[in-house]
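Just so we're aligned, residue 0 is where the sequence shown starts under numbering that gives the first Met the number 0, counting upward by one.
In this text, a Cβ means the ideal position worked out from N, Cα and C, and glycines have one as well.
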Amino acid sequence: MRTHGLLLVLLALLPTMALGLLEGLYCGKDNCYDVLGVTRESSKSEIGKAYRQLARRYHPDLHRGAEAKAAAETQFKLVATAYEILRDEESRTDYDYMLDNPDAYYAHYYRYYRRRVAPKVDVRVVIVVVLTIVSVIQYYSGWQRYDSAIKYFATVPKYRNQALEIARDEIQEKIQKKGKNRMSKNDQRDELERIIRRVIEEKMDVKGGYAKPTLWDVLWVQLIICPYTILSFIVWHAQWFWRYTVMKQPYGREQKLYLIRRHLGMGQHQFEAQEDKLIEEYLHLKLWQRDNFVTWKAEQDEEMKKKLAENPRYKAYRRYMKNHGPGRITFED
């Protein structure tokens, strides 16, 4: 009996499966072309004309009575669904594929829900908007870091005194000029801070990640000039190989600094943020030569180990690790 029941269910579903119509997809068990009264060869204009005629016929407002309105509303929704599917070329192609390949159930579900879930906005527009937002945030953040650096230098006595020394005449002149108008102490203090900040901005060469931002650093500009950047990179390395590997030309200051930076594993901004005195020491030690750098690095590591060995906190940490171990947690912790 159970086998006969399953056979009857399969026989009942067979016509629908043969037509490639699945419940919950597109027009359900109804054929979208039949719903609109058109064929697969009908043009987009013919489909639109058929939809408008049926929409006027089954519009719920044109029917009276609860049952008539409910039936008209159901048919109206079905007509609207069929039109939405067939008016779009991609959706119509997916629907025709389902009719032609009734056995590819998983492909039908994938195609149908891929279109429903996928965003309607053009991906190119999304990329442009995202790049623009990132570029604006990047430029604004650069100015925030630069402003923080200037404020910090204005509080450091060394740089503050230098700025006061440079702008001494200007400060005295403004105080005397505005003294006639009886400037308050707060106004004098604000004016002094503005002068110090301006002098620091003009004289201080802030480098590294806190350098003054430019439009050339923005992501959008970097993407636009990317071909030029790649070409410059290739030309630079080709010239380096020819001059200093093949022709054995002596290194200049710029080439020596490049080799030192590469040995140290630093980026351009990070290396430029080093103090001038330290960079001159690198040059004095001839660290662009690999052997000299290896010897210097070993000495630096050994000196660091000695400093750590003498550091009370590091000694306490070593005692803790020796007694407790890295993986042991107790209530004493």
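{"Item": "So, is His107 buried or exposed, given that buried needs 16 or more other C-beta atoms within 10 angstroms?", "Value": "buried"}
{"Item": "Going straight from the alpha carbon of Val245 to that of Val155, what length do you get?", "Value": "49 Å"}
{"Item": "Applying the 10 Å Cβ sphere with the 16-neighbour rule, what's the burial state of Phe335?", "Value": "Residue numbering for the chain in the displayed model covers 0 to 332; residue 335 lies beyond these limits and cannot be assessed."}
{"Item": "So what does DSSP say about Ile224, is it helix, strand or coil?", "Value": "coil"}
{"Item": "Inspect the CB distances between the region 73-89 and the region 42-62 and report whether three or more fall short of 8 Å.", "Value": "yes"}
{"Item": "Can you tell me whether Asp93 is buried or exposed, with buried defined as 16 or more other CB within 10 angstroms of its CB?", "Value": "buried"}
{"Item": "Excluding the 5 residues preceding and the 5 following Pro59 in the sequence, name in chain order all residues of the same chain whose CB lies nearer than 7 Å to its CB.", "Value": "Lys68, Ala71, Glu72, Phe75"}
{"Item": "Considering Cα atoms alone, identify which of Gln248, Tyr138, Phe152, Lys184 is closest to Val217.", "Value": "Tyr138"}
{"Item": "Throw me the rounded Cβ distance for the Ile46 and Arg110 pair, which I believe falls under 8 Å.", "Value": "At roughly 20 Å, the Cβ-Cβ gap does not stay under 8 Å, so Ile46 and Arg110 are not in contact."}
{"Item": "How would you call Trp287, buried or exposed, if buried means at least 16 neighbouring beta carbons within 10 angstroms?", "Value": "buried"}
{"Item": "Relative to the C-alpha of Val293, which candidate in His262, Asp186, Lys305 has its C-alpha closest?", "Value": "His262"}
{"Item": "Following the continuous alpha helix (DSSP H) through Cys26, name the residue where it begins and the one where it ends.", "Value": "Per DSSP, Cys26 belongs to no alpha helix (DSSP H) and is neither H nor E."}
{"Item": "Classify Arg260: buried if its beta carbon has 16 or more other beta carbons within 10 angstroms, exposed otherwise.", "Value": "buried"}
{"Item": "Could you check if Phe152 is buried or exposed, using at least 16 other CB atoms within 10 Å of its CB as the buried criterion?", "Value": "buried"}
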